[in-house]
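Structure, as structure tokens:
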Amino acid sequence: MSDKSIYIRPTARFAPTADAAAGSLGFAVAGRRDLLFAAAELIERDGSEIARRIVSAAELCSGPLQLAGLLERLTRRRDPVAGLALDRPLVMGVVNVTPDSFSDGGRYLAADAAIAHALQLEAEGADILDIGAESTRPGAEPVDLQEELRRVMPVIEALAPRVRAPLSIDTRKAEVMRRAARAGAALLNDVSALTHDPAALQVAAETGLPVVLMHAQGDPRTMQDDPRYDDVVLDVYDWLGARIEACERAGIPRSRLLVDPGIGFGKTLAHNLALLGASSIFHGLGCAVLLGASRKSFIGGLTGADAQGRLPGSLAAALLGVAQGLQILRVHDVAATRQALAVWEASRGA
Ligand code: HH2
């Protein structure tokens, strides 16, 4: 039996017209009429052989049967996440209750400062607030369970009754997931895709919450030591696909999963740029896609800007993501991202 894998990377997005809305010119990604694509890159990988060609939407839709399942996953409407419809890009604001995060370490370590920051991000238009208490930047040392709980729980407990935006807990630890869920968190965000803590799969299933599965190669301490892939985009896709299957076996349905290519996690500058440029491929996994490119070091690698000076590059990456239909942007600068999205969305509708 051949172990050939097939991938579809939607490309050539176009604005809806009456014809296209009727489905004659393009295919709608993730069930969204505003995400119409006229063509796609069809990729076939057989061992080390990779064949790529551009196909029209019509060719794709009348293609061989093996494509039908993939196409169905690509075009199926996504379920809401934490009560939020995925029919426009959502902004997830980052709250780091840490002394050592790469761009804002120490600013929000005190619970009061973290709570005030979260309220500020919500006022600026964050749809979701992502609260984390362990830095996973390259070289970061792990934080023990008690310390992570001590930092994060007062923040979740204070915010849950006060905010409209659903709370996401950014953690790799099952016990933190369990307690945060009990305190009102509505989304689990794990940069290890439930691989770091052996109990995480089961606990995540028990909470009944949606889960973000992020790709990382290696552990934060060592992940930037010479990361390698055969083909970074396809390898990340396959790895996420395998994690989705592991979650399904543990009782978490695909409709409750989100995927994230994990910009900066065990990737060189070239790897990050390849993932950013091809991220529409991840819709083929049948889940909403989240992008975390905000202030990341690839922007510094390209421009020399330090973490504080990377807002322009972060906005460019965010728009590259929404142009490819990615549903959630994880960002530090909510007001600025909202403004960029407002211009983007208005010009698309014009
Ligand atoms: N990036 C960081 C942390 N969590 N979660 C997802 N799903 N995707 C990401 O890209 C992602 C993430 C790293 O950013 P930050 O939290 O600001 O830094 P640190 O890990 O140093 O706290």
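Heads up, the sequence shown is in my numbering, so the first residue is 20 and it goes up one at a time. Ideal Cβ placement from N, Cα and C applies to all residues, glycine included.
Original post:
What's the C-alpha gap between L178 and A57?
Top reply: 43 Å
Original post:
I69 lies in the alpha helix (DSSP H); which residues open and close that run?
Top reply: Element bounds for I69: not the alpha helix (DSSP H) but the beta strand (DSSP E), 68-75.
Original post:
Are the beta-carbon atoms belonging to G125 and P118 less than 8 Å from one another?
Top reply: yes
Original post:
How far does the beta strand (DSSP E) with C289 in it reach, from first residue to last?
Top reply: For clarity, residue 289 is Ala in the given sequence; the question names Cys instead. Unbroken run through A289 is the alpha helix (DSSP H), 288-296; no beta strand (DSSP E).
Original post:
Under the DSSP definition of a beta bridge, which residues are partnered with Y26?
Top reply: I62
**OP:** Pick out whichever of F46, E63, G332, I147 has its Cα sitting closest to the Cα of A204.
**Re:** I147
**OP:** Can you give me the Cβ contacts of Q243 inside the same chain, cut-off strictly under 6 Å, excluding the 5 residues immediately before and after it?
**Re:** Close CB contacts of Q243 within its chain, under the 6 Å cut and outside five residues either way in sequence, are with P157 (chain order).
Subject >> Unbroken alpha helix (DSSP H) run spanning G340, endpoints >> reply: 330-342
Original post:
Quick one: is the Cβ of N291 within less than 7 Å of any heavy atom of the ligand HH2?
Top reply: Not a single heavy atom of the ligand HH2 lies less than 7 Å from the C-beta of N291.
Original post:
Is the beta carbon of E153 sitting closer than 8 Å to the one on T190?
Top reply: yes
Subject >> Beta-carbon contacts of L128 that lie in its chain and below 8 Å, excluding the five residues immediately before and after >> reply: V116, T117, P118, R170
Subject >> Contact check, S299 vs P29, beta carbons under 8 Å >> reply: Contact annotation: S299 and P29 have beta-carbon atoms nearer than 8 Å.
**OP:** Report buried or exposed for E166, applying the criterion of at least 16 other Cβ atoms within 10 angstroms of its Cβ.
**Re:** exposed
Original post:
Since R349 sits in a beta bridge, which residues does DSSP pair it with?
Top reply: M111
**OP:** Alpha carbon to alpha carbon, how far is R107 from V252? Give it in angstroms, no decimals.
**Re:** 25 Å
Subject >> Stretch-stretch touch, CB-based, cutoff 8 Å, three pairs: the segment 310-329 with the segment 48-57 >> reply: no
Subject >> Distance between D149 and D184 (C-alpha atoms, nearest Å) >> reply: Note on identity: in this sequence residue 184 is Ala, with Asp being the wrong assignment. Taking the straight line joining both Cα atoms gives about 10 Å.
Original post:
Among V210, E264, T226, V222, which residue has its Cα nearest to the Cα of D238?
Top reply: V210
Original post:
At which residue ranges does the segment 253-288 contain complete beta strand (DSSP E) runs of 3 or more residues, listed in the order of the chain?
Top reply: 276-279
Original post:
Taking all protein chains shown into account, do 16 or more other C-beta atoms lie within 10 angstroms of the C-beta of G311, making it buried, or fewer, making it exposed?
Top reply: buried
Original post:
Between the segment 81-88 and the segment 326-333, do three or more beta carbon pairs fall short of 8 Å?
Top reply: no
Original post:
Can we count A77 as close to the ligand HH2, meaning its CB is less than 7 Å from some heavy atom?
Top reply: no
**OP:** Would you list the one or two residues that DSSP bridges to L55?
**Re:** F33, A47
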